[in-house]
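Everything below concerns the one structure shown next.
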Amino acid sequence: MIKSMTGYGKAESAYAAGRVTVEVRCVNHRYGEVTVKLPRALMQFENEIKKRVAERLSRGKIDVFIQIEGAVSLGVPTANLPLARGYYRAFTSIGEALGLGDEVSLALIAAQRDVITVAAETEASLEEVPEELIAALEEALRRVDEMRLFEGESLMADFRKRRETLSQLIARVMARSPSVVSEYAARLKERIAQLCGESGLPEERIALEVALLADKCDITEELVRLESHLRQFDETLTRNEPVGRKLDFLLQEINREVNTVGSKANDAQIASSVVELKAELEKIREQVQNIE
Numbered sequence: 620m621i622k623s624m625t626g627y628g629k630a631e632s633a634y635a636a637g638r639v640t641v642e643v644r645c646v647n648h649r650y651g652e653v654t655v656k657l658p659r660a661l662m663q664f665e666n667e668i669k670k671r672v673a674e675r676l677s678r679g680k681i682d683v684f685i686q687i688e689g690a691v692s693l694g695v696p697t698a699n700l701p702l703a704r705g706y707y708r709a710f711t712s713i714g715e716a717l718g719l720g721d722e723v724s725l726a727l728i729a730a731q732r733d734v735i736t737v738a739a740e741t742e743a744s745l746e747e748v749p750e751e752l753i754a755a756l757e758e759a760l761r762r763v764d765e766m767r768l769f770e771g772e773s774l775m776a777d778f779r780k781r782r783e784t785l786s787q788l789i790a791r792v793m794a795r796s797p798s799v800v801s802e803y804a805a806r807l808k809e810r811i812a813q814l815c816g817e818s819g820l821p822e823e824r825i826a827l828e829v830a831l832l833a834d835k836c837d838i839t840e841e842l843v844r845l846e847s848h849l850r851q852f853d854e855t856l857t858r859n860e861p862v863g864r865k866l867d868f869l870l871q872e873i874n875r876e877v878n879t880v881g882s883k884a885n886d887a888q889i890a891s892s893v894v895e896l897k898a899e900l901e902k903i904r905e906q907v908q909n910i911e
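Here the working numbering is used: the first residue of the sequence shown is 620, the next is one more, and so on.
Encoded structure:
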């Protein structure tokens, strides 16, 4: 069953001293790209989180947001007194050199980088978080997958409808194809009669001209390849694996055969069907861009 690349999932999990919340959002993307935003206290788990997400969602731009509430925090603010004294002396020296009377304020010193730091919690204080974090992550991913599958079912229904339209248009082209040569032969004879009268070209010469056109506008091979590609497209839709890239490739091949049919057939009715075919293929292609 095909899956959409668009999905959203949110889950929460409680631990002894608080709660962890995980949100996963996924949109279309050519490749698989995972971005994780989480508190500094949980940075050590970033690679593990990315790995687990990539195992479940193989394609799409995936953003994971993690929040924690409770005792697990960034830690206690700590003042770097030697650095603060250094800033004080530096600002005081600047003031004296420039003849400024302003006193160096605490706010100015505290605003400088690394004067006040927040130490990460110890490893021990995080021991119980990963299990609950992973539980929330897995539940959020399950909900994303559920949404992707639901949207995939809608896409599948649309594909079936458009696939039926493609079959009808191709059948119309196949039914029209044999008439192209016979109608050309009739028009050729009529034109020759108008120009040359009863002493027109020999039948052999007319037959040769008709044969040359028949060879030039023969679209049998293209129609056979077109049907083959469409069968592969149908079969690929039923696979229980990511198929978006293969479907996109098959659509390129199908579109190439349709273009060739249009250029070789040399017939207004077939050209009209080709335009409709290309319009349907473009609609399918737009949908395929959202398949995992």
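All C-beta atoms in this analysis are idealised placements derived from N, C-alpha and C, irrespective of residue type, glycine included.
Rounded to whole angstroms, the separation of the alpha carbons of GLU770 and ASP853 is 18 Å.
When C-beta atoms of the stretch 653-660 are compared with those of the stretch 695-714, fewer than three pairs fall below 8 Å, so the two segments do not count as touching.
With fewer than 16 other CB atoms across the displayed protein chains lying within 10 angstroms of its CB, MET620 is exposed. In this chain, the beta strand (DSSP E) harbouring PRO696 covers 696-698. Look at the stretch 750-801 and you find no whole run of alpha helix (DSSP H) that is 4 residues long or longer. By the C-beta density criterion, SER892 is buried, having at least 16 other C-beta atoms within 10 angstroms. Here the alpha carbons of ILE713 and ASP721 stand approximately 11 Å from one another. For ALA633, the uninterrupted beta strand (DSSP E) run begins and ends at 626-634, by DSSP.
Secondary structure note for GLU722: it is in no alpha helix (DSSP H), with a DSSP letter that is neither H nor E. Going by C-alpha positions, GLN731 is about 20 Å away from GLU715. Only residues of its own chain outside the window of five on either side were considered, and among them MET624, CYS645, HIS648 have a CB closer than 6 Å to the CB of GLY679, listed in chain order. By the neighbour-count criterion, in which 16 or more other beta carbons inside 10 Å mark a residue as buried, LEU725 falls on the exposed side. Exposure of LEU719 is indicated by the presence of fewer than 16 other C-beta atoms within 10 angstroms of its C-beta. Distance from ARG904 to LEU870 at the Cβ level is roughly 5 Å; contact confirmed, criterion being Cβ atoms closer than 8 Å. For VAL641, the beta-bridge partners assigned by DSSP are ALA630, ILE685. Between ALA790 and ALA630, the gap from beta carbon to beta carbon reaches 8 Å or more. Counting the other Cβ atoms within 10 Å of the Cβ of ASN909 gives 16 or more, which makes it buried.
Beta-bridge pairing by DSSP links LYS883 to no other residue. Annotation for MET793: LEU842 place their beta carbon closer than 7 Å to its own, counting only its chain and skipping 5 residues before and after. Contact between GLY651 and MET766 does not hold, since their C-beta atoms are separated by about 17 Å, which reaches or exceeds 8 Å.
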